[in-house]
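Asker:
Residue numbers (my numbering): 639 to 1158.
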């Protein structure tokens, strides 16, 4: 069963019909499209692939869990820690591949209402996107600036601030060093093409890339006002913006903004096909950047779509294509103002654990009364495991984040250049729109070494890290999973002695009565 091909006259109708179509979770044995069943099946398959008595025990615990919504993080932490302990690289890759294969086994609802396997839909797109090129006429940016504290930092001033952040503990030393290097390599972006999924992300690199003179193939939803702003920005930049459109070429920028963009869930096969064609035709090196987020289960479906794009570009080879992600450093729940947590459970350096202990010893009795110690276990080899998932994040959020980490680790193991630094806590529009989250961010700086940042600061820091990663050969790591813990700008979470969930109420109160944005 295949999706029917839609001719030119049907394309407008297609856009309406697909509002309720696209990537869907598969039906379980009861006929329900249950995200709980899906989550458990992914992790149980990975536990089985561990091929050990411990793995089999974990598999049974996952399958028999009755309260998955509130207990998923216990099983997921156990799975992550065990994968981090795997010494055999081939065995680790087999486990990660098992998880991704299971997570990608979704269905696709066609515009005619029929369901097919997602893999089959990806192989036969129903429509074809055309490319509209927006060529800028500006001069390329020659000097890197990072906005912070009302200043635009560059050169030695930027270097000094990076050293302060590293010394204080809001980022790791390798992150500070990489920002310094990347800030001096803007010229290396000339001739490169970036395929960006989630081009509207506030922490994404689309605008600084265009300013530096790069070519950006942008995928974002159809929002005419946002596209009009981006098109106008691109016209004044030194870069080239490539936009996917269905149907005929628009006559002007206003018409282009009205039809620009794509729905990655409903039009995934056509989007991936477009990105493959753009990448093949690109004269220089290509980077696929994934900067996607959605609430709830849609986050998982978007991540699956993005992973198919990775598959489409991998055949171009390690000399042609590289990959970029952003790992979240923190999650705030919009449900309860008292809850906050780090983004994902992960490996952290032993130096970070030592810093936690030092900060704890000098913390006030008031802080020790409210704060609960971070959950840490030793991994050996100068690494520790930080257990950081929280119930309120939800299992779908966790699965989407883990899928990206698994893919990043596999790409690294296959010899690709992968940029996947942890991004700091930022006051993005999507975050501060929620008043509880906005207040929480204003109180973080009271807890050493935590600090939150304006979106512009986070975006330019991540941009510098991306540039530095693209100039390096794939590093040698103790485990491919450590690719997501390099150059971490974690806002101090790794080195803070207290778990974020235990600080929620006091942080909200401090942010409300006496806002404090910077730690120093």
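Positions of the beta carbon are idealized from the N, C-alpha and C atoms, including for glycine.
Buried or exposed for residue 1007, please, with buried defined as at least 16 other CB atoms from any protein chain shown within 10 angstroms of its CB.
Answerer: Label assigned to residue 1007: exposed.
Asker: Does the segment 800 to 807 come into contact with the segment 903 to 912, if we say contact requires no fewer than three beta-carbon pairs (one atom in each stretch) closer than 8 angstroms?
Answerer: No, the segment 800 to 807 is not in contact with the segment 903 to 912.
Asker: Assuming residue 1019 contacts residue 929 under a Cβ cut-off of 8 angstroms, what Cβ separation, rounded to an integer in Å, is found between them?
Answerer: No, residue 1019 and residue 929 are not in contact; Cβ-Cβ is about 31 angstroms, not under 8 angstroms.
Asker: Are the CB atoms of residue 661 and residue 932 within a distance shorter than 8 angstroms?
Answerer: Taking 8 angstroms as the Cβ cut-off, residue 932 and residue 661 do not qualify as a contacting pair.
Asker: Can residue 1060 and residue 904 be called in contact, C-beta distance under 8 angstroms?
Answerer: No. Outside cutoff.
Asker: List the DSSP bridge partners of residue 812.
Answerer: None, per the DSSP bridge assignment.
Asker: Using a 10 Å radius around the Cβ and a threshold of 16 neighbouring Cβ atoms, would you call residue 829 buried or exposed?
Answerer: Result: exposed.
Asker: Put residue 797 into one of helix, strand or coil per three-state DSSP.
Answerer: Residue 797: helix per DSSP, three-state reduction.
Asker: Please classify residue 1128: does DSSP put it in a helix, a strand, or coil?
Answerer: Of the three classes helix, strand and coil, the one that applies to residue 1128 here is coil, per DSSP.
Asker: Which residue from 1149, 1086 and 854 puts its Cα closest to that of residue 1000?
Answerer: Nearest option by C-alpha distance: 1086.
Asker: Between which two residues does the alpha helix (DSSP H) carrying residue 713 extend?
Answerer: Per DSSP, residue 713 belongs to the alpha helix (DSSP H) from 706 to 722.
Asker: Rounded to a whole number of angstroms, what is the C-alpha to C-alpha distance between residue 978 and residue 718?
Answerer: The predicted model places residue 978 with a pLDDT of 32, which falls under 50 and marks its position as unreliable, so this point remains unresolved.
Asker: Taking the CB atoms as reference points, tell me whether residue 1089 and residue 1082 lie closer together than 8 angstroms.
Answerer: For residue 1089 and residue 1082, yes; Cβs fall inside 8 angstroms.
Asker: Taking residue 680 and residue 1037 to be in contact with their CB atoms under 8 angstroms, please state how far apart those CB atoms are, rounded to whole angstroms.
Answerer: Confirmed, Cβ separation roughly 7 angstroms.
Asker: Quick one: measure Cβ to Cβ for residue 774 and residue 874, integer angstroms, because I've assumed they're closer than 8 angstroms.
Answerer: Confirmed, about 6 angstroms.
Asker: Could you check whether residue 907 and residue 1098 sit closer than 8 angstroms to each other, using their CB atoms as the reference points?
Answerer: No, they are not a contact pair.
Asker: Work out the CA separation of residue 1040 and residue 863 for me, nearest whole Å.
Answerer: Each residue's alpha carbon lies about 33 angstroms from the other.
Asker: Any heavy atom of the ligand NAP closer than 7 angstroms to the CB of residue 675?
Answerer: With respect to small molecules bound, the structure shown includes none, and the ligand NAP cannot be examined in it.
Asker: Less than 8 angstroms between the C-beta atoms of residue 882 and residue 866, yes or no?
Answerer: Result no, Cβ atoms of residue 882 and residue 866 do not sit closer than 8 angstroms.
Asker: Could you say which of 991, 1004, 1005 and 1032 lies nearest to residue 1013 if we only look at CA atoms?
Answerer: Among 991, 1004, 1005 and 1032, the Cα nearest to that of residue 1013 belongs to 991.
Asker: Helix, strand or coil for residue 586, going by three-state DSSP, please let me know.
Answerer: Nothing about residue 586 can be reported from this structure: the residues present for the chain run from 639 to 1158 only.
Asker: Answer yes or no: do residue 1021 and residue 985 have a C-beta to C-beta separation smaller than 8 angstroms?
Answerer: Result yes, Cβ atoms of residue 1021 and residue 985 sit closer than 8 angstroms.
Asker: Mind checking who residue 962 pairs with in its DSSP beta bridge?
Answerer: Paired residues: 927 and 1057.
Asker: Among the candidates 825, 824 and 1010, whose CA atom is the shortest distance from the CA of residue 1144?
Answerer: The shortest Cα separation from residue 1144 among 825, 824 and 1010 belongs to 1010.
Asker: Indicate whether the contact test is met: 3 or more Cβ pairs, each with one atom in the segment 1042 to 1051 and one in the segment 1095 to 1109, closer than 8 angstroms.
Answerer: Counting Cβ pairs under 8 angstroms, fewer than three are found: no touch.
Asker: Answer yes or no: do residue 1055 and residue 1118 have a C-beta to C-beta separation smaller than 8 angstroms?
Answerer: Taking 8 angstroms as the Cβ cut-off, residue 1055 and residue 1118 do not qualify as a contacting pair.
Asker: Who does residue 878 pair with in a DSSP beta bridge?
Answerer: Paired residues: 773 and 853.
Asker: Figure out for me which residue from 770, 749, 769 and 776 has the closest Cα to the Cα of residue 763.
Answerer: Of the listed residues, the one whose Cα sits closest to residue 763 is 749.
Asker: State the beta-bridge partners of residue 1064 as determined by DSSP.
Answerer: Answer by DSSP bridge pairing, in chain order: 1091.
Asker: Compute the Euclidean distance between the alpha carbons of residue 810 and residue 842, then round it to the nearest angstrom.
Answerer: Roughly 21 angstroms separates the two Cα atoms.
Asker: On a Cα-Cα basis, can you pick out the residue from 767, 822 and 1114 that is closest to residue 784?
Answerer: Answer by Cα proximity: 822.
Asker: Which word fits residue 1065, buried or exposed, when buried means at least 16 other C-beta atoms lie within 10 angstroms of its C-beta?
Answerer: The residue is buried, with at least 16 neighbouring Cβ atoms inside 10 Å.
Asker: With a 10 Å radius around its C-beta and 16 neighbouring C-beta atoms as the bar for buried, classify residue 1138 as buried or exposed.
Answerer: It counts as buried.
Asker: Cutting at 6 angstroms between CB atoms, please list the residues of its own chain near residue 642, excluding the five before and the five after it.
Answerer: Legend: pLDDT at residue 642 = 42, less than 50; position of this residue unreliable, value from coordinates given subsequently. The answer, listed in chain order, is 750.
Asker: To which residues does DSSP link residue 768 through a beta bridge?
Answerer: DSSP, once it has assigned bridges, lists 883 as partnering residue 768.
Asker: Apart from the five residues just before and just after residue 945, which ones in its own chain have a Cβ nearer than 7 angstroms to its Cβ?
Answerer: These residues qualify, in order along the chain: 738, 742, 1041 and 1045.
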